[in-house]
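Reading through the structure tokens given below for one structure.
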Amino acid sequence: MPGGWEAAAEPYLGERTMEFLYRLYKEELPSLAGQGDFLPLVAAALTDFGVTAPLDEVYSAIWLRIKPVEQSFAIVRDLRRNGYGVHLGTNQERNRAAHMRAKLGYDALFDVSCYSWEFGARKPDLAFFAEAARRIGVGPAAILFIDDSASNVAGARDAGFAAEQWALADGHDALHALLAKYGVAAT
Numbered sequence: 026m027p028g029g030w031e032a033a034a035e036p037y038l039g040e041r042t043m044e045f046l047y048r049l050y051k052e053e054l055p056s057l058a059g060q061g062d063f064l065p066l067v068a069a070a071l072t073d074f075g076v077t078a079p080l081d082e083v084y085s086a087i088w089l090r091i092k093p094v095e096q097s098f099a100i101v102r103d104l105r106r107n108g109y110g111v112h113l114g115t116n117q118e119r120n121r122a123a124h125m126r127a128k129l130g131y132d133a134l135f136d137v138s139c140y141s142w143e144f145g146a147r148k149p150d151l152a153f154f155a156e157a158a159r160r161i162g163v164g165p166a167a168i169l170f171i172d173d174s175a176s177n178v179a180g181a182r183d184a185g186f187a188a189e190q191w192a193l194a195d196g197h198d199a200l201h202a203l204l205a206k207y208g209v210a211a212t
């Protein structure tokens, strides 16, 4: 997200931005595993913090501000063209997941989309990875999992996946190098 979560929330929260985001980070965790709806929690926090902007406006500005990276998407398309299955594994609550599916077209881009709220478990829980492997239809050892979170990578390894840490800031050359390490051609 350009500018990060703080930059997106600051126009609405000012000096209390981090307090607001920290509260909702903690409160969002159950909804990432399919327990409850996140939007009423956002609405309550907005009221508690004295924010008068409409819920839809604030939620869209902060949580739906996803900017697809074309170079990353091109790698996904190249991998699929080369015969590899490419799957999405993401911790999302139901509303943001719906946005990723409908507005960003992630389900068309990936072979299998694994949203945590549908699994009842979130990364790095072993249950998330077991369900992802089941839906993908292969054993864990056949999956290369790449994620920006060290704890998620550790969880994937504990579940039997090959796993590597990579973040957009590392650059796409680094991603190509990780893929090549496993004999995966992405060009």
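If you count the sequence shown from 1, position 106 lands on 131 in the numbering used here, and the numbers rise without skipping. Glycine residues also receive a C-beta, built at the ideal position from the N, C-alpha and C atoms.
(request) May I ask you to report which of helix, strand or coil DSSP gives Ala192? (result) Residue 192 sits at position 167 when you count from the first residue of the sequence shown. If DSSP states are grouped into helix, strand and coil, Ala192 belongs with coil.
(request) Please go through the same chain and pick out, in chain order, the residues whose beta-carbon is closer than 8 Å to the beta-carbon of Trp30, but skip the five residues on each side of it. (result) Translated into positions along the sequence shown, residue 30 becomes position 5. Answer for Trp30: Leu46, Ile87, listed in chain order.
(message) Comparing C-alpha positions only, which one of Gln60, Gly59, Tyr84 sits nearest to Leu71?
(response) Counting from 1 along the sequence shown, the entry for residue 71 is found at position 46. Comparing Cα positions, the closest option is Tyr84.
(message) Rounded to the nearest angstrom, what separates Asn120 and Val67 at their Cα positions?
(response) Counting from 1 along the sequence shown, the entry for residue 120 is found at position 95. Counting from 1 along the sequence shown, the entry for residue 67 is found at position 42. Near 12 Å, if we compare the C-alpha coordinates of Val67 and Asn120.
(message) Comparing C-alpha positions only, which one of Ala58, Glu53, Asp73 sits nearest to Leu64?
(response) On the sequence shown, position 39 is the one that residue 64 refers to. Scanning Ala58, Glu53, Asp73 for the CA closest to the CA of Leu64 turns up Glu53.
(request) Give the secondary structure of Met26 by DSSP, where H, G and I count as helix, E and B as strand, and everything else as coil. (result) If you number the sequence shown from 1, residue 26 lands on position 1. Bear in mind that a pLDDT of 48 at Met26, under 50, signals an unreliable position, so the model cannot answer this.
(request) State the DSSP-derived secondary structure class of Thr212, mapped to helix, strand or coil. (result) Here residue 212 corresponds to residue number 187 of the sequence shown, with the count starting at 1. The answer is coil: DSSP assigns Thr212 none of H, G, I, E or B.
(message) Please report the straight-line C-alpha distance between Leu104 and Phe98, rounded to a whole angstrom.
(response) As a position in the sequence shown, residue 104 is number 79, starting the count at 1. As a position in the sequence shown, residue 98 is number 73, starting the count at 1. Between Leu104 and Phe98, the C-alpha separation is close to 10 Å.
(request) Would you mind listing the alpha helix (DSSP H) stretches within the stretch 44-104 that are 4+ residues and don't spill past its ends, in chain order? (result) Contiguous alpha helix (DSSP H) elements confined to the stretch 44-104 occur at 63-73, 80-88, taking only those with 4 or more residues.
(message) DSSP has Phe170 in a bridge; who is on the other side?
(response) The count along the sequence shown starts at 1 and reaches residue 170 at position 145. Answer is Ala188.
(message) Using a 10 Å radius around the Cβ and a threshold of 16 neighbouring Cβ atoms, would you call Asn116 buried or exposed?
(response) Translated into the one-based positions of the sequence shown, residue 116 becomes position 91. By the neighbour-count rule (16 or more Cβ atoms within 10 Å), Asn116 is buried.
(message) If you follow the beta strand (DSSP E) that Gly114 is in, where does it begin and where does it stop?
(response) Here the question's residue 114 lines up with position 89 in the sequence shown. First-last of the beta strand (DSSP E) with Gly114: 112-115.
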